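Trainee:
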Amino acid sequence: MSQPSLPPHHQPSHQPPQPRGVRRPPSRGWRSKPALKLIAGGVLAAALVSGCGSGDDDGGGSGGSSKGAQAKTLGKVAMPKVGKEANTMGTWVTDSTFVKGDVNKLVGYSLDGAKSKWRIPLGGQLCWASPHMTKDGLTAILFRDGAGEDALCTKVGLVDLKKGELVWRKEGSDSEGNAGVQFDEVTIGGGTVAAGGTGGGGAWSLDGKPLWKPAYLADCDDDGYAGGEDKIVAIRSCDTEDSSTKRLEVQTVDPRTRDVKSSYKLDEKVEYAHVISTAPLVVAVDTGDSDAGTGTTDILTIDDSGKQGKLLSTIDVLAKGYQPNCPATSVEGCTELALDKASSTLYLSSEVDVDHGGPGERISGLNLKTGKETGKTKMAESRSLIPVQTGDDGSLIAYLGSMYSEAGGVVRVDPKTFAMDTLQTHPDDMKDVESDMDTYGDCTMIYTGKKLYIGDSRASRPSSDSAARPLAIVFGA
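Structure (structure tokens):
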């Protein structure tokens, strides 16, 4: 079976995985980048921001001269009062409602974020929220079985985001039939809700019927699942002769039965694998020596049309300095990237060397079939420039972060010239709010209906450095 060809510098260092939510250290004296979530599988659109500065001369087209539409602050959700940090994952937008995960609940707001429409009490903290949403507005969540500190992530729920209803809640069982299996994350795809993690795995149909759980093998486990549209992909790990290491396998499975339709064994050096996309099948892997915060050394594109998967291309993230953000141990959850399926183009941000224009960010496009770069933007001056979403026309929507003297906004990047045009500029009096959410938060951004939605995945006590940070905010014309 063919293996990914990893460069010789990729040797595992056996460093412990970073916990979720770890922030990348500030780059060259500037504040750290925002952790933007890639929104996929039915969410209307995800978004990015304002005017861009000039940069060095070896990149693509220059930024637009216009500042775009001047946006207003339409709505703001206050940060909940908490004694210690709480998980508030989950940011979605339907055709009628903005939905935000909160402490022990989900809350639906008007599209401008100004009024609360409904709330779903959960009785425990959110542990995971799938970014995928079906055409009918259904998504999957994982939450704790109580409000106490000893509560566990055992409850899987199907949520109707349009109606504001928790359709059902379920628990998994182990090989001996004991209920209350702990899960790490949950996904939805192919009419199936699948939850997985080191504690076990399980799946349910959208009407709540149990479908399958991974077959018990003494030396193998399902680390987790990735969904979206009509597919489910499993990351399967098995012990090797050296009991301190695992051998990972990427399996495209039947969503209804978990029968393996295609499998691809990853190089034995790979310690963690993250699924960026199920169709096409794109996997980020970490051989143990990834740059802090990226969780990735290589990105692989795999052809899963046959029983045995085939490697199509490898992108050396570590050598090229690209900066995705993949949670160290999670199967899904990679951010700060965007994928255009029609052109097989992956967009990644990369840091700009101080010797070639100073601090800032730029975006590169990469062809997934060849692994080669298709172009890059000019540098965003003294601010972050991060891909989030591609449009129907193949253009990239990107976030241009706020800076000390100017708020952020939304930009469009031309997929051929890589020139940038500003779509939306945010109010200057909100630059501190944006900065606080970028630096201290873990934010999801969605751009739809000429509105930018920013939702924080964590609630924490305000500090003197983050007093302006809300839980969510909506900008729009």
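Position 200, counted from 1, in the sequence shown is what UniProt numbering calls 200; the numbers after and before it change by one each time, with no gaps.
Every residue gets a Cβ at the ideal spot worked out from N, C-alpha and C, and that includes glycine.
Keep in mind that this is a model prediction, so the values were computed, not measured.
Between the Cα of Ala-407 and those of Thr-422, Ile-397 and Gly-394, spot the shortest distance and give me the residue it belongs to.
Mentor: Measuring from the Cα of Ala-407, the nearest candidate turns out to be Thr-422.
Trainee: Rounded to the nearest angstrom, how far is the Cβ of Thr-301 from that of Pro-415, given a contact under 8 Å?
Mentor: The pair is not a contact, with the Cβ atoms about 18 Å apart (cut-off 8 Å).
Trainee: What's the gap between the Cα of Gly-476 and the Cα of Leu-74?
Mentor: Distance between the alpha carbons of Gly-476 and Leu-74: 6 Å.
Trainee: Using the three-state DSSP reduction, which class does Asp-184 fall into: helix, strand or coil?
Mentor: Correct three-state label for Asp-184: coil.
Trainee: In or out: Gly-177 buried (at least 16 other Cβ within 10 Å) or exposed?
Mentor: Exposed, by the Cβ-count rule.
Trainee: Classify Gln-125 as buried or exposed, calling it buried when 16 or more other Cβ atoms lie within 10 Å of its own Cβ.
Mentor: Answer is buried; the Cβ neighbour count reaches 16.
Trainee: Could you give the distance in angstroms between the alpha-carbon of Val-282 and the alpha-carbon of Tyr-272?
Mentor: About 14 Å.
Trainee: Would you check if there are 3 or more beta carbon pairs closer than 8 Å linking the segment 454 to 467 to the segment 77 to 95?
Mentor: These segments touch.
Trainee: Does the distance from the C-beta atom of Ala-71 to that of Gln-424 stay below 7 Å?
Mentor: Yes. Within cutoff.
Trainee: Go ahead and pull the three-state DSSP assignment for Val-433.
Mentor: Of the three classes helix, strand and coil, the one that applies to Val-433 here is helix, per DSSP.
Trainee: Among Thr-335, His-426 and Leu-368, whose alpha-carbon lies nearest the alpha-carbon of Leu-341?
Mentor: What sits at residue 341 in the sequence shown is Lys, not Leu. Answer by Cα proximity: Leu-368.
Trainee: Applying the criterion that 16 or more other CB atoms from any shown protein chain within 10 Å of the CB defines a buried residue, is Thr-257 buried or exposed?
Mentor: Exposed, by the Cβ-count rule.
Trainee: Look at the Cβ atom of Thr-187, then the Cβ atom of Gly-137, and state whether they are nearer than 7 Å.
Mentor: Cβ distance not < 7 Å, so Thr-187 and Gly-137 don't count as in contact.
Trainee: Which word fits Ala-380, buried or exposed, when buried means at least 16 other C-beta atoms lie within 10 angstroms of its C-beta?
Mentor: With 16 or more other Cβ atoms within 10 Å, it is buried.
Trainee: Report the rounded CA-to-CA distance for Leu-44 versus Met-133, giving the unit in angstroms.
Mentor: Since pLDDT at Leu-44 reaches only 30, below the 50 mark, its modelled position is unreliable, and the value read off the structure follows with that caveat. The straight-line gap from Cα to Cα measures roughly 9 Å.
Trainee: Quick one: Cα of Gly-306 to Cα of Gly-333, how far?
Mentor: One C-alpha to the other measures close to 26 Å.
Trainee: Need the endpoints of the alpha helix (DSSP H) that Val-317 sits in, please.
Mentor: Residues 317 to 320.
Trainee: Unbroken beta strand (DSSP E) runs of length 3 or more, entirely within the segment 119 to 203: which are they?
Mentor: Within the segment 119 to 203, the complete beta strand (DSSP E) runs of at least 3 residues are 126 to 129, 138 to 143, 155 to 160, 165 to 170, 185 to 189 and 192 to 196.
Trainee: Let me check one thing: in DSSP terms, what residues is Asn-325 bridge-paired to?
Mentor: Asn-325 pairs with Thr-335.
Trainee: Is DSSP giving Asp-289 helix, strand or coil here?
Mentor: Coil at Asp-289, not helix or strand.
Trainee: Hey, could you find the ends of the beta strand (DSSP E) Ser-350 is sitting in?
Mentor: Ser-350 -> beta strand (DSSP E) spans 345 to 351.
Trainee: Using only CA atoms, which one of Gly-199, Tyr-399 and Gly-164 lies nearest to Val-181?
Mentor: Cα-wise, what sits closest to Val-181 is Gly-199.
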